[in-house]
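Residues in the sequence shown are numbered consecutively from 3, following our numbering.
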Amino acid sequence: MISLDIKNNQIAVSVMGQFTLDDYREFEQAVCYGIQFQGKVDLLFDLRDMLSYSLDVAWEELKFSREHKNDFGRIAVLTDDQWMAWSMWINRSFMSAEIRLFDDLEMAQAWLAGGDLPLPAG
């Protein structure tokens, strides 16, 4: 199940439980609508309560990211899951958006609002 919060050019997505292909399609529709009317959009993915996602969702994410490689400004991802972090790292290789991982919601929101935060060490 997902929750979407759309404000101006920012789309916040919270995933609770399993991230299904139907959930992904709902997210994709919201993003495409935002891109159509706002131009570039920023994304906030809160994946802290996500239990799992299926291979078809992972595949759709890669296809969608490549198709919209220039449509995002900043993408903030809240997660402590190593596989989601790895997925975001892969997406950075073919997207023009700035993508950062966070473990703190307020820091992610501040960065999306235009704040410059230091890059993590390492």
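Ideal Cβ placement from N, Cα and C applies to all residues, glycine included.
Buried versus exposed call for residue i [16 or more other C-beta atoms within 10 Å across all chains shown]
i: Glu63; result: buried
i: Ala123; result: Any reading at Ala123 must be qualified, since the residue scores a pLDDT of 43, below 50, and its modelled position is unreliable; the value itself is stated next. Classification of Ala123: exposed, given that the 10 Å Cβ count is below 16.
Cβ-Cβ distance between residue i and residue j below 9 Å
i: Phe47; j: Val79; result: yes
i: Val15; j: Leu53; result: no
i: Asp105; j: Asp82; result: yes
CB-CB length for residue i against residue j, believed under 8 Å
i: Ile4; j: Val17; result: 5 Å
i: Asn93; j: Lys42; result: At roughly 16 Å, the Cβ-Cβ gap does not stay under 8 Å, so Asn93 and Lys42 are not in contact.
i: Leu103; j: Ala115; result: The Cβ separation is near 17 Å, so there is no contact.
i: Phe74; j: Met97; result: 7 Å
Residues sharing a beta bridge with residue i, DSSP
i: Met18; result: Asp51
i: Leu6; result: Val15
Going residue by residue through the segment 41–122, where are the continuous beta strand (DSSP E) segments of at least 3 residues, counting only ones entirely within it? 43–55, 74–80 and 100–104
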